[in-house]
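In our numbering, the protein residues as written are 1 to 407. A virtual CB, placed ideally from N, CA and C, is assigned to each residue, including glycine. Small disclaimer: the values here were computed from a predicted structure and weren't measured. First up is the structure itself, then whatever we jot down about it.
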Ligand code: ATP
Ligand code: MG
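This is how it looks when you write it as structure tokens:
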């Protein structure tokens, strides 16, 4: 991508009323735009990051969890929420048809996916099945001060699993922990993200959250320094010890962001819609369910809260908008840069603007693309370019012929 053709410009101004580091950086770099509190547009560079996170999630859903992708609507009939008793939850956005029929904007999709599953699940032979989607949710959040960590409209991956019994649900639930671990590792926050025991609601003792430790977090978790699992502060009264090693003294309090969670719904929603199947003996039984969420935008924001410095963002390679930020200095270098840009098969953001070197470097730091590649008359004399990793301090001279294999 030529930077002269990029739809967005960077800005030095920190947006007014935007306190969150993730949103400040993303807005300054032109990755997102704030439309109102809790509502953001994703612009070309930001959308590339989102697409890469989605690709990781899809890969793990399809291949580790054998789930099928679907896409459900954002407009839901209110009646379905009356059946589950969720018509009065505080974050629900309501609207209505011209006929007066009441609708809600989907805040989650149990009320849609369960009636939908009734059309496709009849006997034990139809189970287990797993469906997921990546889709926008709407929640009338009271506080929307954390940038893209807490939106009022936000993208979520939600997976729903359907099973003959609790045992099969447990099997899949354990498998989902593995997929979630892979996702956070591949997105670059594996080292700071911990599986956390949380309240399981009326049916289960626990659910599990995946919490990324950072000062920007809205949750408090108690992390076991030995076992690398945590307990959410909200359930700590019932469970004062580490659930793995049983020690209390090793728990350390940390602020964290919930980037994902997994929940055994058991028959809570199947009962509400009478979702049943016939077993091998012809008996009718309730379907067991699990649900598994990840906030796609929240994950992107969490990566930045963990990976950034005073100069800007630092993207992990697998989710960076581009791999190489190519910066020529001087006319001869410009010619060579054009050649590299045209012939290189890496994802390159090419700074072909007529701006000062200082501005180019400042923008490169702000945008946080993993490899900054500078060509100047000086490096050309050695048939080389100067490469600096965004996450490191020192620069390296690399022969132009070796550039492709280096990055
Ligand atoms: P929280 O406790 O932060 O309010 P939640 O427990 O209500 O979130 P779920 O309903 O389980 O979250 O949603 C699944 C995932 O969606 C969460 O783990 C989180 O990553 C993401 N998420 C939830 N609410 C938001 C939001 N307002 N903005 C962005 N992402 C969100
Ligand atoms: Mg939560």
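Excluding five sequence neighbours on each side, which residues of the same chain lie with their C-beta closer than 6 Å to the C-beta of residue i?
i: residue 153; result: 39, 136, 138
i: residue 262; result: 176, 208, 292
i: residue 217; result: 255, 256, 257
i: residue 102; result: 78, 96
i: residue 324; result: 346, 348, 371, 373, 407
i: residue 266; result: 203, 288
i: residue 105; result: 74, 93, 138
i: residue 48; result: 321
i: residue 313; result: 25, 304, 368
i: residue 353; result: 3, 4
i: residue 243; result: 197
So, with DSSP's three-state summary, where would you put residue i?
i: residue 96; result: strand
i: residue 281; result: coil
i: residue 252; result: strand
i: residue 370; result: coil
i: residue 40; result: strand
i: residue 195; result: strand
i: residue 234; result: helix
i: residue 219; result: strand
i: residue 316; result: coil
i: residue 51; result: helix
i: residue 121; result: coil
i: residue 19; result: coil
i: residue 342; result: helix
i: residue 290; result: strand
i: residue 142; result: coil
i: residue 80; result: helix
i: residue 358; result: helix
i: residue 240; result: coil
i: residue 420; result: No answer is possible for residue 420: it lies beyond the span of the chain, which begins at 1 and ends at 407.
i: residue 414; result: The chain is shown only over 1 to 407; residue 414 falls outside these bounds and no answer can be derived.
i: residue 431; result: Because residue 431 is not part of the residues shown, which for the chain are 1 to 407, the question remains open.
i: residue 381; result: helix
i: residue 432; result: This structure cannot speak to residue 432, because the chain is shown only from 1 to 407.
Take residue i and list the residues in its own chain whose beta-carbon comes closer than 8 Å to its own, dropping the five residues that flank it on each side.
i: residue 164; result: 124, 127, 128, 277, 279, 285, 287, 288
i: residue 311; result: 362, 365, 366
i: residue 336; result: 328, 375, 380, 400
i: residue 330; result: 376, 377
i: residue 220; result: 232, 233, 253, 254, 255, 256
To the nearest whole angstrom, what separates the beta carbons of residue i and residue j, a pair I think is in contact under 8 Å?
i: residue 80; j: residue 115; result: 7 Å
i: residue 162; j: residue 121; result: 6 Å
i: residue 340; j: residue 326; result: 6 Å
i: residue 23; j: residue 189; result: At roughly 18 Å, the Cβ-Cβ gap does not stay under 8 Å, so residue 23 and residue 189 are not in contact.
i: residue 298; j: residue 259; result: 6 Å
i: residue 50; j: residue 41; result: The pair is not a contact, with the Cβ atoms about 11 Å apart (cut-off 8 Å).
i: residue 157; j: residue 296; result: 6 Å
i: residue 196; j: residue 212; result: No, residue 196 and residue 212 are not in contact; Cβ-Cβ is about 10 Å, not under 8 Å.
i: residue 110; j: residue 76; result: About 10 Å; that fails the 8 Å criterion.
Leaving out five residues before and five after residue i in sequence, what residues of the same chain have Cβ atoms less than 7 Å from its Cβ?
i: residue 37; result: 144
i: residue 225; result: 250, 252
i: residue 118; result: 273, 275
i: residue 10; result: 28, 29, 30, 363, 366
i: residue 141; result: 38, 91, 150, 152
i: residue 240; result: 248
Give a single yes or no on whether residue i has its beta carbon closer than 7 Å to a heavy atom of the ligand FMN.
i: residue 18; result: In the structure on display, the ligand FMN does not appear, and the ligands it does have are the ligand ATP and the ligand MG.
If we cut at 8 Å on Cβ distances, does residue i have a partner in chain E?
i: residue 115; result: You won't find chain E in this structure, because it holds only one protein chain.
request  = Flag this pair as touching only if the region 44-61 and the region 179-187 have three or more C-beta atom pairs under 8 Å; answer yes or no.
outcome  = As far as the Cβ criterion goes, the region 44-61 touches the region 179-187, which means the pair count is three or higher.
task = Go through the residues and name those whose CB comes closer than 6 Å to any heavy atom of the ligand ATP, in chain order.
result = 108, 139, 141, 150, 151, 154, 156, 258, 259, 260, 261, 293, 294, 295, 297, 298
key: Meets three-Cβ-pair contact criterion under 8 Å: the region 296-305 and the region 320-329   = no
query = Per the contact definition of three or more C-beta pairs closer than 8 Å, is the region 372-384 in contact with the region 18-29?
reply = no
ask   = Are the region 228-240 and the region 63-78 touching by the rule of at least three beta carbon pairs closer than 8 Å?
value = The region 228-240, when compared against the region 63-78, does not touch it at the 8 Å Cβ threshold.
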